[in-house]
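As structure tokens, the structure follows; a few thoughts come after it.
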Amino acid sequence: MLRIKGGKVYDPAHGLNGVVQDICVADGKIVADVPPGCREIDAAGLFIFPGGVDIHTHVAGAALNFARAMTPENQRQATKFFHTAKRRTGIGGPTPTTFATGYLYAGMGYTTVFEAAVPVLSAKHTHEELSDTPILDKGCCVLMANNEILLDLLQQGDVERAKHVVAWLIWAAKAYGVKAVNPGGVAAWKWGGNASAMSEPVSGYSQVTPLKIVSSLARIIDELKIPHPLHLHCNNLGAPGNYTTTLETMKALEGNRAHMAHLQFHAYGGDDWHTMRSESQAIADYFNAHPNLTCDAGAVLFGNAVTITADGPWQHLLYQLTGRKWGNIDVENETGCGIVPYSYKGSNLVNAVQWAVGLELLLLIKDPWRIFLTTDHPNGACFWRYPEIIHMLMNAAFRRERVKKLPEKVLPRIVLPDLNREYSLYEIAIITSAGPARALGLKNKGQLGVGADADIAIYHENPDGEYMFRYPRYVLKGGEVVVEDGEIRHQMGGREFIVHPSYDPKIEDFLRPLFQQQYTMSFENYPVELERLEHPIIHPCE
Amino acid sequence: MIKFTLKEIPTVPLETEQLTPDVLATLDHAAIRALPAFLGKRRHAIQDFFDVEGERSDQIEIHGDAGRVKWIGRAMTRGSVRVVGNAGMHLGSQMKGGEIHVTGNVSDWAGAEMAGGLIHIRGNAGGQIGAAYRGGTTGMRDGTILIEGTAGLEVGMRMKRGTIAIKGRVRDFVGLQMKGGTIVLGGGAEIRAGAWMTRGTIISLEPLKLLPTFLYACRYQPNVLRVIARYLEPLGFPLPVDSAVGMYQRYTGDSAVPGKGEILVWNPHGT
Numbered sequence: 031m032l033r034i035k036g037g038k039v040y041d042p043a044h045g046l047n048g049v050v051q052d053i054c055v056a057d058g059k060i061v062a063d064v065p066p067g068c069r070e071i072d073a074a075g076l077f078i079f080p081g082g083v084d085i086h087t088h089v090a091g092a093a094l095n096f097a098r099a100m101t102p103e104n105q106r107q108a109t110k111f112f113h114t115a116k117r118r119t120g121i122g123g124p125t126p127t128t129f130a131t132g133y134l135y136a137g138m139g140y141t142t143v144f145e146a147a148v149p150v151l152s153a154k155h156t157h158e159e160l161s162d163t164p165i166l167d168k169g170c171c172v173l174m175a176n177n178e179i180l181l182d183l184l185q186q187g188d189v190e191r192a193k194h195v196v197a198w199l200i201w202a203a204k205a206y207g208v209k210a211v212n213p214g215g216v217a218a219w220k221w222g223g224n225a226s227a228m229s230e231p232v233s234g235y236s237q238v239t240p241l242k243i244v245s246s247l248a249r250i251i252d253e254l255k256i257p258h259p260l261h262l263h264c265n266n267l268g269a270p271g272n273y274t275t276t277l278e279t280m281k282a283l284e285g286n287r288a289h290m291a292h293l294q295f296h297a298y299g300g301d302d303w304h305t306m307r308s309e310s311q312a313i314a315d316y317f318n319a320h321p322n323l324t325c326d327a328g329a330v331l332f333g334n335a336v337t338i339t340a341d342g343p344w345q346h347l348l349y350q351l352t353g354r355k356w357g358n359i360d361v362e363n364e365t366g367c368g369i370v371p372y373s374y375k376g377s378n379l380v381n382a383v384q385w386a387v388g389l390e391l392l393l394l395i396k397d398p399w400r401i402f403l404t405t406d407h408p409n410g411a412c413f414w415r416y417p418e419i420i421h422m423l424m425n426a427a428f429r430r431e432r433v434k435k436l437p438e439k440v441l442p443r444i445v446l447p448d449l450n451r452e453y454s455l456y457e458i459a460i461i462t463s464a465g466p467a468r469a470l471g472l473k474n475k476g477q478l479g480v481g482a483d484a485d486i487a488i489y490h491e492n493p494d495g496e497y498m499f500r501y502p503r504y505v506l507k508g509g510e511v512v513v514e515d516g517e518i519r520h521q522m523g524g525r526e527f528i529v530h531p532s533y534d535p536k537i538e539d540f541l542r543p544l545f546q547q548q549y550t551m552s553f554e555n556y557p558v559e560l561e562r563l564e565h566p567i568i569h570p571c572e
Numbered sequence: 328m329i330k331f332t333l334k335e336i337p338t339v340p341l342e343t344e345q346l347t348p349d350v351l352a353t354l355d356h357a358a359i360r361a362l363p364a365f366l367g368k369r370r371h372a373i374q375d376f377f378d379v380e381g382e383r384s385d386q387i388e389i390h391g392d393a394g395r396v397k398w399i400g401r402a403m404t405r406g407s408v409r410v411v412g413n414a415g416m417h418l419g420s421q422m423k424g425g426e427i428h429v430t431g432n433v434s435d436w437a438g439a440e441m442a443g444g445l446i447h448i449r450g451n452a453g454g455q456i457g458a459a460y461r462g463g464t465t466g467m468r469d470g471t472i473l474i475e476g477t478a479g480l481e482v483g484m485r486m487k488r489g490t491i492a493i494k495g496r497v498r499d500f501v502g503l504q505m506k507g508g509t510i511v512l513g514g515g516a517e518i519r520a521g522a523w524m525t526r527g528t529i530i531s532l533e534p535l536k537l538l539p540t541f542l543y544a545c546r547y548q549p550n551v552l553r554v555i556a557r558y559l560e561p562l563g564f565p566l567p568v569d570s571a572v573g574m575y576q577r578y579t580g581d582s583a584v585p586g587k588g589e590i591l592v593w594n595p596h597g598t
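Chain order of the listed sequences is G and R. Residue 31 is where the first sequence starts when you use the numbering used here, and the numbers rise one by one after that. Residue 328 is where the second sequence starts when you use the numbering used here, and the numbers rise one by one after that.
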């Protein structure tokens with residue numbers, strides 16, 4: 031039992047904005063009170079936040095492992111974690127090892143993360159890595175928008191059966207949500223194509239268009255009452271002029287819920303790389319008027335990154351543009367993956383626009399409960415650089431200084447210099463914790479009310495937001511102090527959130543022969559066994 | 328000056344990333360003796376392997392056969408390191424300034440990804456001198472490496488700037504994927520010199536067996552060689568620049584990439 035005494039509490043879920051009060055902890059949960067004489071943390075003058083929740087990151091799985099192997103040059107320069115009595119060995123950098131991932135996230139006050147893209151076929155690998163990632167609670171989204179069994183059903187117009195297949199695949203992957211990546215585009219990539227036009231049939235189909243995939247999946251997810259809406263990576267990621275695709279996609283949702291992933295990469299105007307410009311205002315205007323949507327920023331920071339995405343055709347284009355290393359993975363009938371190491375440079379016009387668009391979206395979207403801080407780690411920047419973004423959001427003068435360093439020709443293409451909004455600590459607590467927890471449907475996360483998980487980050491006050499959020503005084507996970515003044519004090523395993531939507535058990539009779547015909551893996555070996563997960567928490571679909 | 332004398336040759340490689348002027352300049356004798364050194368995966372102290380004399384100096388001398396001592400002078404920015412004997416792998420890796428002098432031989436990866444300073448090796452060197460580490464896009468970014476003896480494979484691999492001069496013969500793939508800078512080969516090279524080079528200059532004073540993707544351009548006396556010769560001559564690496572004695576044959580490539588690099592081969596008159 032523990033009492034955190036006298037800190038300023040920022041708990042947006044309960045409207046607490048810097049209110050001085052005690053937080054009491056017992057059995058890993060927040061409680062109303064604890065008996066006198068139990069352990070106390072004197073938090074007078076300190077700021078108390080709910081532990082951070084990352085709604086979109088790439089920290090585990092076959093693709094990330096491929097990226098780790100592809101980029102030894104990054105690992106040589108990365109932070110080293112040497113073995114100590116309380117810590118295991120690890121390497122940081124853009125693709126941290128599993129242990130280092132836990133330490134780096136916890137080290138800046140994050141306690142829950144969601145791996146955004148998991149093919150069912152390699153889900154076992156992902157869960158093994160998530161189990162290996164210490165301290166954090168985890169979950170993952172399963173890739174679905176290029177699954178050929180599903181596309182075949184949409185082609186036949188059998189949406190009802192598709193719904194049961196989606197539910198079965200979620201449970202097979204032991205996932206928490208569904209991710210759609212470049213709907214139809216990855217399936218087309220296997221034939222050397224892409225799906226750039228939203229209303230044209232996907233290669234190999236006559237009735238299936240990207241819009242049909244998006245609208246069908248969003249409706250199915252809502253009908254299955256999955257707590258997290260369809261996690262949507264739109265078509266034409268990264269391409270100049272792609273904001274029209276993004277708008278078209280959002281309109282196709284027809285009021286169904288969706289979470290627009292890494293929106294920064296989908297908010298560009300212009301006709302080509304030379305004329306590329308920000309269209310964050312147009313995206314934000316639509317977004318502000320449609321409460322069925324949430325999004326994460328997918329912000330870019332200058333420096334080294336590694337782009338990892340199921341969006342295979344985009345990665346091939348990026349490889350051709352940069353001449354850097356390229357990895358390409360085919361995941362049988364489900365999806366694909368591309369990996370290209372990348373460096374964002376402030377002197378590069380395209381990169382400068384990308385940097386500005388991420389911040390613009392965070393500033394133009396009015397409701398902080400619907401946009402969350404991410405960098406699409408490690409695509410836009412590494413997650414451990416979030417405090418840099420926080421400082422820019424909280425300090426308009428600092429932001430303007432950074433804008434001055436951009437090439438002059440960038441300025442007419444962005445709106446960032448005109449934006450004076452500054453985030454408050456209360457709003458930072460929303461975009462880093464309370465908001466993503468709500469969007470994920472995790473009622474016990476992102477808040478400090480009685481009954482919530484005692485995941486708490488305690489910070490020193492500092493006008494430099496980057497310093498403040500990079501070095502918490504304490505981080506508690508499940509009521510245990512796991513980080514104190516930057517040092518790992520206690521290492522525990524995390525839990526994994528999954529959902530079990532209901533489906534007709536006879537759907538397996540439909541799927542089994544298809545597997546036997548088309549997959550290299552037998553049907554019985556395909557689903558992830560529940561026993562494989564450490565501490566699974568089955569979240570209700572209601 | 329701080330003098331380190333190796334007590335005995337370690338049985339497995341000894342990693343001494345702390346043996347750099349930047350680290351040692353501010354430390355007293357006891358702190359230097361207590362600095363970490365890794366024998367394989369086990370952590371020890373410098374004093375377990377070296378007798379240490381002196382303190383607080385950026386002038387370092389290492390005595391004894393340090394052929395298994397890795398990372399001497401790693402990332403140093405100032406001062407000097409003098410190795411009286413051999414040195415192990417990664418000597419002066421990623422160094423940015425200062426000087427390293429070695430009287431004996433050095434192993435692989437000397438000056439890898441270095442960005443400034445001077446490395447002078449009186450004996451032979453291993454492979455990957457001034458190269459990019461595996462996976463890295465850029466090798467040596469600046470500085471000078473002088474080798475009086477021979478060198479191994481992939482010398483100057485992916486180097487972008489700076490100068491490497493070698494009196495002896497080098498093995499295969501010198502200047503592999505070279506992006507810039509200058510390599511001077513006093514004793515010629517084995518096969519595939521300049522493979523995939525996109526820019527930069529390889530100067531050979533001996534005939535080379537070139538890849539078919541290098542195209543003969545002309546026989547001439549480049550003016551820029553006078554500048555390079557004026558820099559190298561005081562360092563003990565003279566370049567022939569007298570057109571009365573001979574000229575250089577210029578080859579461009581590697582057209583397989585395609586690249587705009589050049590290989591200049593010294594061609595005395597009458598040969």
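Every residue, glycine too, gets a C-beta built ideally from N, C-alpha and C. Model, not experiment: these values are computed from the prediction.
query = Can you round the beta-carbon distance between I387 (chain R) and A393 (chain R) to whole angstroms, since I take them to be within the 8 Å contact cut?
reply = The sequence position of residue 387 (chain R) within the second sequence is 60, counting from 1. The sequence position of residue 393 (chain R) within the second sequence is 66, counting from 1. About 12 Å separates the beta carbon of I387 (chain R) from that of A393 (chain R), a gap too long to meet the 8 Å contact definition.
task = Determine the direct distance from the alpha carbon of N555 (chain G) to that of L544 (chain G), and round the result to whole angstroms.
result = Your numbering for residue 544 (chain G) matches position 514 in the first sequence. Your numbering for residue 555 (chain G) matches position 525 in the first sequence. Distance between the alpha carbons of L544 (chain G) and N555 (chain G): 14 Å.
message = For a cutoff of 9 Å on Cβ pairs, would you count M228 (chain G) as touching chain R?
response = Translated into the one-based positions of the first sequence, residue 228 (chain G) becomes position 198. At a cut-off of 9 Å between beta carbons, M228 (chain G) makes no contact with chain R.
message = What residue range does the alpha helix (DSSP H) around G388 (chain G) cover?
response = Within the first sequence, residue 388 (chain G) is the residue found at index 358, counting from 1. Where G388 (chain G) is concerned, the enclosing alpha helix (DSSP H) starts and stops at L379 to L394.
request  = For T101 (chain G), return the contacting residues in chain R, with the cut-off set at a CB-CB distance below 7 Å.
outcome  = Position 71 of the first sequence, counting from 1, holds the residue named residue 101 (chain G). Annotation: Cβ neighbours of T101 (chain G) in chain R (cutoff 7 Å, chain order): G462.
task = Compare the beta carbon distance of G521 (chain R) and V551 (chain R) with 9 Å and say whether it is the shorter of the two.
result = Position 194 of the second sequence, counted from the first residue, corresponds to residue 521 (chain R). Position 224 of the second sequence, counted from the first residue, corresponds to residue 551 (chain R). Taking a C-beta distance under 9 Å as the contact criterion, G521 (chain R) and V551 (chain R) do not qualify as a contact pair.
ask   = In chain order, what residues of the same chain lie with their CB nearer than 8 Å to the CB of A426 (chain G), ignoring the 5 residues before and after it?
value = In the first sequence, counting from the first residue as 1, residue 426 (chain G) sits at position 396. Counting only Cβ-Cβ distances below 8 Å, and skipping sequence neighbours, we find L449, N450, R451 and E452.
inquiry  = List, in chain order, every chain R residue whose beta-carbon is nearer than 8 Å to that of R98 (chain G).
reply    = On the first sequence, residue 98 (chain G) is found 68 positions in, with the first residue counted as 1. Residues of chain R with a Cβ closer than 8 Å to the Cβ of R98 (chain G) do not exist, since the nearest Cβ in that chain sits about 11 Å away.
inquiry  = Taking the alpha carbon of G462 (chain R) as the reference point, which residue from G:Q547, G:K355, G:P126 and G:N363 has its own alpha carbon closest?
reply    = Locating residue 462 (chain R) in the second sequence gives position 135, where the first residue counts as 1. Answer by Cα proximity: G:K355.
message = Tell me which residues share the same chain as S229 (chain G) and place their Cβ nearer than 7 Å to its Cβ, disregarding the 5 neighbours each side in the sequence.
response = Position 199 of the first sequence, counted from the start, is the residue given in the question as residue 229 (chain G). Closer than 7 Å at the Cβ level, and outside the excluded window around S229 (chain G), lie T239 and L241.
key: Expected contact under 8 Å - CB spacing of A335 (chain G) and P124 (chain G) to nearest Å   = Against the first sequence, residue 335 (chain G) aligns to sequence position 305. Against the first sequence, residue 124 (chain G) aligns to sequence position 94. Contact flag correct, Cβ pair sits at about 6 Å.
ask   = Of the choices R:L538, R:G515, R:G507 and R:C545, whose alpha-carbon is the least far from that of V527 (chain R)?
value = Position 200 of the second sequence, counted from the start, is the residue given in the question as residue 527 (chain R). For the record, residue 527 (chain R) in the displayed sequence is Gly; it is not Val. Checked all of R:L538, R:G515, R:G507 and R:C545; the closest Cα to G527 (chain R) is R:G507.
message = Any beta carbon from chain R within less than 9 Å of R468 (chain G)'s own beta carbon?
response = Counting from one through the first sequence, the residue named residue 468 (chain G) turns up at place 438. Answer no: the Cβ-Cβ gap between R468 (chain G) and chain R never drops below 9 Å.
key: 7 Å Cβ cut-off: residues of chain C touching R106 (chain G)   = Among the chains of the structure shown, chain C does not appear; the protein chains present are G and R.
inquiry  = What does the alpha-carbon distance come out to for the pair G268 (chain G) and H86 (chain G)?
reply    = Working through the first sequence from its first residue, we reach residue 268 (chain G) at position 238. Working through the first sequence from its first residue, we reach residue 86 (chain G) at position 56. Roughly 17 Å separates the two Cα atoms.
ask   = Whose C-alpha, out of G:H88, G:R307, G:T156 and G:G357, is nearest the C-alpha of H407 (chain G)?
value = Locating residue 407 (chain G) in the first sequence gives position 377, counting from the first residue. Of the candidates G:H88, G:R307, G:T156 and G:G357, the residue whose Cα lies closest to the Cα of H407 (chain G) is G:H88.
message = Pop quiz: G410 (chain G) and G328 (chain G) are said to be a contact at Cβ under 8 Å. What is the actual Cβ separation, rounded to whole angstroms?
response = Taking the first residue of the first sequence as position 1, residue 410 (chain G) is located at position 380. Taking the first residue of the first sequence as position 1, residue 328 (chain G) is located at position 298. Right, the Cβ-Cβ distance comes to about 5 Å (below 8 Å), so this counts as a contact.
task = Output the distance between the C-alpha atoms of A314 (chain G) and A386 (chain G), rounded to the nearest integer angstrom.
result = Stepping through the first sequence from its first residue, residue 314 (chain G) is reached at position 284. Stepping through the first sequence from its first residue, residue 386 (chain G) is reached at position 356. The alpha-carbon atoms of A314 (chain G) and A386 (chain G) are separated by roughly 14 Å.
ask   = Curious, which full-length alpha helix (DSSP H) runs of at least 4 residues does the region 431–508 of chain G contain?
value = Within the region 431–508 of chain G, the complete alpha helix (DSSP H) runs of at least 4 residues fall at 455–459, 465–470 and 495–500.
inquiry  = Using only CA atoms, which one of G:G139, G:L181 and G:E364 lies nearest to M551 (chain G)?
reply    = In the first sequence, counting from the first residue as 1, residue 551 (chain G) sits at position 521. With respect to the C-alpha of M551 (chain G), the residue from G:G139, G:L181 and G:E364 having the closest C-alpha is G:E364.
request  = State the CB to CB distance for the pair G391 (chain R) and G412 (chain R), rounded to an integer number of angstroms; the pair is presumed to be in contact (CB under 8 Å).
outcome  = Within the second sequence, residue 391 (chain R) is the residue found at index 64, counting from 1. Within the second sequence, residue 412 (chain R) is the residue found at index 85, counting from 1. Confirmed, Cβ separation roughly 6 Å.
request  = Evaluate D355 (chain R) with the Cβ neighbour count: other Cβ atoms within 10 Å of its Cβ, from every protein chain shown; 16 or more gives buried, anything less gives exposed.
outcome  = On the second sequence, position 28 is the one that residue 355 (chain R) refers to. Exposed, by the Cβ-count rule.
query = G457 (chain R) and M422 (chain R) look like a contact to me (Cβ under 8 Å); what is the Cβ gap, rounded to whole Å?
reply = Position 130 of the second sequence holds residue 457 (chain R). Position 95 of the second sequence holds residue 422 (chain R). Approximately 11 Å separates the beta-carbon atoms of G457 (chain R) and M422 (chain R); this is outside 8 Å, ruling out the contact.
ask   = DSSP on V238 (chain G), reduced to helix/strand/coil?
value = One-based indexing of the first sequence puts residue 238 (chain G) at position 208. Under the three-state reduction of DSSP, V238 (chain G) is assigned to coil, being neither helix nor strand.
task = Classify R401 (chain R) as helix, strand or coil using the three-state DSSP reduction.
result = As a first step, residue 401 (chain R) must be located in the second sequence, where it is residue number 74. If DSSP states are grouped into helix, strand and coil, R401 (chain R) belongs with coil.
task = Have a look at R:M574, R:G483 and R:T579 and flag the residue whose alpha-carbon is nearest the alpha-carbon of G600 (chain R).
result = In the structure displayed, chain R extends from 328 to 598; residue 600 (chain R) sits before or after that span and is not available.
query = Among residues of its own chain, excluding the 5 on either side of G37 (chain G), which ones have a beta-carbon nearer than 6 Å to its beta-carbon?
reply = Residue numbering aside, residue 37 (chain G) sits at position 7 when the first sequence is read from its first letter. Cβ neighbours of G37 (chain G) beyond the five flanking positions: A73, L76 and I78.
query = Since Q546 (chain G) is in the alpha helix (DSSP H), which residue starts that stretch and which ends it?
reply = As a position in the first sequence, residue 546 (chain G) is number 516, starting the count at 1. I537 to Q548 is the span of the alpha helix (DSSP H), which, as asked, contains Q546 (chain G).
Strand pairing of Q386 (chain R), partner residues [DSSP] = One-based indexing of the second sequence puts residue 386 (chain R) at position 59. Q386 (chain R) pairs with R:S407.
ask   = Can a CB atom of chain R be found closer than 9 Å to the CB of R354 (chain G)?
value = Counted from its first residue, the first sequence places residue 354 (chain G) at position 324. Chain R contact via Cβ: present.
request  = Let me know the secondary structure DSSP gives V195 (chain G) once reduced to three states.
outcome  = For this step, residue 195 (chain G) is matched to residue 165 along the first sequence. Here V195 (chain G) sits in helix by DSSP.
task = Give the straight-line distance between the Cα atoms of N358 (chain G) and G368 (chain G), rounded to the nearest whole angstrom.
result = Numbered from its first residue, the first sequence carries residue 358 (chain G) at position 328. Numbered from its first residue, the first sequence carries residue 368 (chain G) at position 338. Each residue's CA atom was taken as its position, placing N358 (chain G) and G368 (chain G) some 4 Å apart.
Proximity to D326 (chain G) [Cα-Cα], best of G:F402, G:T156 and G:L347 = In the first sequence, residue 326 (chain G) corresponds to position 296, counting from 1. Checking every option, the nearest Cα to that of D326 (chain G) belongs to G:F402.
request  = Measuring alpha carbon to alpha carbon, tell me which of R:L341, R:W523, R:G453 and R:A402 ends up nearest A442 (chain R).
outcome  = Within the second sequence, numbered from 1, the residue matching residue 442 (chain R) stands at position 115. Selected option, being the one with the closest Cα: R:A402.
task = Taking only runs that begin and end inside the region 432–510 of chain R, name each unbroken beta strand (DSSP E) of 3 or more residues, in chain order.
result = Listed in chain order, they are 445–448, 471–474 and 490–493.
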